[in-house]
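What follows is a short report on a single structure.
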């Protein structure tokens, strides 16, 4: 049995992102949005993996709020493959739960942990690298994919790549010299210039047994809590989930395991990655030769540099405006400068502190 | 019986204005909009006049498309007081029809012709001047109200005021020296500086008999067509309207009568008039000390100089933008620079030439 045949995708789809408000809402966060007109990013993640990992072995970890929407978006998935967290506890408990579920199904199963809300331009290359990563991790490694940086980004963590790991199945595999927290701008500029630093994009591959043993080693209390979930070997029912899950330590897998483990390795992922982190990012996806990015029904007269999006049957009409984000949904409109589109969070904050319920 | 007791208001409400798109639509033009939160401009016009002219003597001339909406907006009005043009033929036929209807009800009736889509700041002063105008017109005069200009406006016609008309009932009445078409900017600047020029705001007062005799004198063919409407003395039924009205000459009352008549007089109307001609104009109505004009549910963070309007239960949210117009309706959003808000017409034109039906 090849590594690929033992691989379970673990799609992380619990995000509550507010950066795409008003299109994103509590019940329709970024991973469920159709920003490009080809379906949701969650669905795209599923479809990218499907030739490597069949639906039966794709798990999605999400929130209870989103479980039904996830099943609707991925009707191919067995319903039991959607793991609904009763409350968000960051990535380490989520991955621990998925590892236990994978181990229950296949004691020698491998995990391919992949965020549900990322864009990949070159899917064939992506599949090549994922295949390498899966092969490599079977030898008890934690293989991350590191994205070669294209700008001095201060919003991501970084991975410094070390020497070649000399892995025959994964010729591009390198040791991890260090994980780094989000840098300041000067440091980011330095790292960008120096080469050898990669963005940590939250994609990694490891055996379920290794995930659990590393958790037990570095976060024993969390590991014991997780064990209680599968007490007796059966998946937790709603009552046990509700009793146990909220007591688990809320910690990221990076802090809990990656930055401490000596098993980490990295493959540079040169497949055109974007986390589509803000409205501004969509501008990079405008068609060749177009001055603006448009989605939905848009009339733009005498303008450019804009990100214009009309949800559903709505219409966005502009005359003579430049470098703006304009998003229309049936019940709300956002307007902000394109280069300040992360400030949409200020609006969400204002809504949260006011009577914003209909719009959250 | 005083002049006031013989006065019929003729509210001109046929406008199809597209300058307030997307709030205004074919079935909801400017006069039916609630731009200020105190009800529609049509209703405000009715209520301003109501202490002088009771509902039984207020007529509204509008289009067949808008008849029901007008009756809904003014439930006090006898349904027969809404005159529905089967097709728009400009103001002269509309006023001719109204004059015939007034004459049928009171052969000595007077007409107070008033647009349905204007804003008046000082309503008590307005009523004073309207009362003077009504008294003065009873002596077979056509009394217009001229607005003292506050800017070199090139979008209106002008009236040059002459000597005092020495009218005891209307001490502010002056002869009309001349009517002028819309000027170019240099001329408008000159007129503004010189004083003595007033904006023609389409408000005028005259006996029904004079309206009809002047039409017969200057536009005999139109007058004959109008007579055919009331053949036998009864108001026209739908069939006669449909047969006759579209054949009437489409011409404004200014061209047809005002500029030719020797009966014209004018009272300067210093009652805080605005025709609220564009989105930009609303900015002048922002509250004391406010940087932006807002209507409906609006969140504005770190911005100013904006006109922000959310229709119905919608929300407009902006961060860091200045001097824009942003209008949200359930099915469309408009964004344009405040000082170019007249360019909304370009959008309406684009919709008309495309498949814009849902938004027109």
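Residue numbers (the numbering used here), protein chains in the order written: chain A, 212 to 571; chain B, 212 to 571.
Just so you know, even glycine gets a beta-carbon here, dropped at the ideal spot from N, CA and C.
Because the structure is a prediction, the values reported are computed rather than measured.
Taking the C-beta atoms as reference points, residue 479 of chain B is found nearer than 9 Å to residue 372 of chain B. Between residue 545 of chain B and chain A, the shortest Cβ-Cβ separation is below 9 Å. A residue is called buried when at least 16 other Cβ atoms come within 10 angstroms of its Cβ; residue 506 of chain A meets this threshold and is buried. Residue state for residue 462 of chain A is assigned as coil, using DSSP reduced to three classes. Annotated three-state conformation of residue 307 of chain A is helix, per DSSP. As DSSP reads the structure, residue 539 of chain B sits in a beta bridge with B/521, B/544. For residue 554 of chain B, the C-beta contacts it makes with chain A under 9 Å involve 512, 513, 530, 531, in order along the chain.
When C-alpha distances from residue 240 of chain A are compared across A/274, A/249, A/449, the shortest belongs to A/274. The Cβ neighbour count for residue 495 of chain B, taken over all protein chains shown within 10 Å, is under 16; the residue is labelled exposed. Here residue 355 of chain B is buried, its C-beta having at least 16 other C-beta atoms within 10 Å. Of the residues A/411, A/491, A/343, the one whose Cα lies closest to the Cα of residue 394 of chain A is A/411. Note on geometry: alpha-carbon atoms of residue 307 of chain B and residue 433 of chain B lie some 9 Å from one another.
Shown here for residue 554 of chain A: same chain residues with a beta carbon closer than 8 Å to its own, the five before and five after excluded, namely 547 in chain order. Under the rule that a run must span 3 or more residues, the beta strand (DSSP E) segments found entirely inside the stretch 365-417 of chain A read 369-375, 385-391. For the 9 Å CB-CB criterion, residue 514 of chain B and residue 533 of chain B form a contact. Following the DSSP letters along the chain, one finds residue 227 of chain A in no beta strand (DSSP E), marked with neither H nor E. Not a single CB atom of chain B sits nearer than 9 Å to the CB of residue 501 of chain A. A contact between stretches requires three or more CB pairs, one per stretch, nearer than 8 Å, and the stretch 260-270 of chain B fails this requirement with the stretch 400-416 of chain B.
In the DSSP assignment, residue 484 of chain B forms a beta bridge with B/331. It is roughly 8 Å from the alpha-carbon of residue 278 of chain A to the alpha-carbon of residue 294 of chain A. Judged by beta-carbon spacing, residue 253 of chain B lies within the 9 Å limit of residue 224 of chain B, meaning their Cβ atoms are closer than that value. Taking a beta-carbon distance threshold of 9 Å, residue 311 of chain A does not count as an interface residue toward chain B. Taking all protein chains in view, the Cβ of residue 249 of chain A is surrounded by fewer than 16 other Cβ atoms within 10 Å, so the residue is classified as exposed. Three or more beta-carbon pairs drawn from the stretch 468-485 of chain B and the stretch 321-338 of chain B are found closer than 8 Å, and the two stretches are therefore classed as touching.
Taken in chain order, the complete alpha helix (DSSP H) segments of 4 residues or longer contained in the stretch 269-303 of chain A are 278-284. For residue 474 of chain A, the secondary structure class from DSSP, reduced to helix, strand or coil, is coil. Secondary structure at residue 322 of chain A: strand, using DSSP grouped into helix, strand and coil. A/233 is the residue among A/233, A/222, A/226 whose C-alpha sits nearest the C-alpha of residue 537 of chain A. The DSSP-derived three-state label of residue 529 of chain A is strand. Its Cα nearest to that of residue 559 of chain A, the residue A/228 stands out among A/228, A/221, A/220. Classified as exposed, residue 212 of chain A has fewer than 16 neighbouring CB atoms from the shown chains inside 10 Å of its CB.
Of all alpha-carbon atoms in B/284, B/463, B/426, B/459, the one lying nearest the alpha-carbon of residue 436 of chain B is that of B/459. Residue 504 of chain B and residue 325 of chain B have their alpha carbons spaced roughly 27 Å apart. Cα atoms of residue 382 of chain A and residue 475 of chain A: separation of roughly 16 Å, rounded to the nearest angstrom. Cβ neighbours of residue 463 of chain B within its own chain (closer than 8 Å, five residues either side excluded): 301, 302, 303. Among the CB atoms of chain A, one or more fall inside 9 Å of the CB of residue 521 of chain B.
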